[in-house]
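Chemist: Quick note: the numbering used here has the sequence shown finishing at residue 269, numbered continuously throughout. Beta carbons: idealized from backbone N, C-alpha and C, even for Gly. Pasting in a structure now, in structure tokens, and then I'll have a few things to ask.
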Amino acid sequence: MALVSYAREADPSCRELLVPSLRRSLLSLSIIWWLGLFGYYGASLGSGLIFSSSGSFDYGELIFSSMGEIAGVTVAMCLAWRVSEIIIQPWFYLVSTLACLAVLIAHALKGPALLLGALAFILRAGSMGAISVTWVLTPTAFPTHVRCTAHSILYTAGSLGPVCATLWPGTTPLAVIMGSYAGANLVCAIVGQWQVKGLAARGAFDSLISDLHASNLERRARSSITRESRASRPTWASRPSWMSRPSWSSQPERSSNLLQNAE
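In structure tokens, the structure reads:
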């Protein structure tokens, strides 16, 4: 282990999130946070409307459907280790969309309580899994120096979703309420798929995975490359527009030389 000197840079501003390379992530994640939390809290509040009958509630079915959130987080965690958050995010929102529509149809046709409870369980699992994946995905979609700023702004934007989910008048039909939640989840699925292409082109996840699997010597070498590249730029404004880490795989000779010097 060795201590490496570090020259503190100027604190980043929120304007850095508006550079061309980050606009796609900022716009897509703003929509997903807002509509995703709208759908998640809508699914939670909608459970009371689904299982109510003449002003009374079947708390057994409510508890069973709420346990779907535990299943959703567990499945999301397992899939995130095997695949990637950016890949599974649209699919969770798509499951939530289909579950919303299925619950609405089953309720309209007065289906059996067991079927309605199972569909509500899937709805809560999909909603919870989707918003959990979005939470984990958000920091890794931005460079390190603006990561906390971006996450805070997006979480603030997402706070509008729960507020909107509670503004339904008491006379609003269940079809309109559940249909709006399904539409919100569908938009999140579409925007999430659009976001996949933007992050894949930037290589953000490949760089992050490469850092996690790198040895200490490799990290020191990469840190030296980053510092030298920053020192060669005259001002902060001359930083590349994509504001991401260098692609280590494209500099094998430089990295190997630095590793030899370190050894």
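Cα separation between H151 and A49?
Modeler: Here residue 151 is taken as the residue at index 145 of the sequence shown, counted from 1. Here residue 49 is taken as the residue at index 43 of the sequence shown, counted from 1. C-alpha separation (whole angstroms): 35 Å.
Chemist: Do you know offhand how far S261's Cα is from S31's?
Modeler: Here the question's residue 261 lines up with position 255 in the sequence shown. Here the question's residue 31 lines up with position 25 in the sequence shown. Confidence is the limiting factor: at S261 the pLDDT is only 44, short of 50, which leaves the residue's position unreliable, though a coordinate-based value still follows. S261 and S31: Cα-Cα distance of roughly 30 Å.
Chemist: When the Cα atoms are used, what is the spatial distance from Y65 to F127?
Modeler: Within the sequence shown, numbered from 1, the residue matching residue 65 stands at position 59. Within the sequence shown, numbered from 1, the residue matching residue 127 stands at position 121. If you take the alpha carbons of Y65 and F127, they lie about 14 Å apart.
Chemist: Report all residues from its chain with a CB closer than 7 Å to the CB of G52; omit the five preceding and five following residues, and keep chain order.
Modeler: Translated into positions along the sequence shown, residue 52 becomes position 46. Counting only Cβ-Cβ distances below 7 Å, and skipping sequence neighbours, we find I183, M184, Y187.
Chemist: Return the chain-ordered list of same chain residues with a C-beta closer than 7 Å to the C-beta of Y47, the five sequence neighbours on each side being excluded.
Modeler: Position 41 of the sequence shown, counting from 1, holds the residue named residue 47. For Y47, where only same-chain residues beyond five positions count, the Cβ hits under 7 Å are G167, P168, A171.
Chemist: One question on the structure: do E67 and A119 come within less than 8 Å of each other, judged by their Cβ atoms?
Modeler: For the purposes of this step, residue 67 is taken as residue 61 along the sequence shown, with counting starting at 1. For the purposes of this step, residue 119 is taken as residue 113 along the sequence shown, with counting starting at 1. Yes, Cβ-Cβ distance for E67 and A119 is below 8 Å.
Chemist: Starting from the C-beta of I38, find all residues in its chain whose C-beta is less than 7 Å away, skip the five residues before and the five after it, and write them out in chain order.
Modeler: If you number the sequence shown from 1, residue 38 lands on position 32. Answer for I38: T140, C194, V197, G198, listed in chain order.
Chemist: Tell me which residues share the same chain as L43 and place their Cβ nearer than 6 Å to its Cβ, disregarding the 5 neighbours each side in the sequence.
Modeler: The count along the sequence shown starts at 1 and reaches residue 43 at position 37. Around L43: G164, G167, P168.
Chemist: Please confirm if the region 123 to 137 is in contact with the region 104 to 113, defined as three or more CB-CB distances below 8 Å between the two stretches.
Modeler: Verdict: yes, contact present.
Chemist: Would the C-beta of A49 count as close to the ligand ADP, meaning under 7 Å from any of its heavy atoms?
Modeler: Annotation note on the ligand ADP: not contained in the displayed structure, which lists no ligands.
Chemist: Should S102 go down as buried or exposed, given a rule of 16 or more other Cβ atoms within 10 Å for buried?
Modeler: Here the question's residue 102 lines up with position 96 in the sequence shown. Flag for S102 reads buried.
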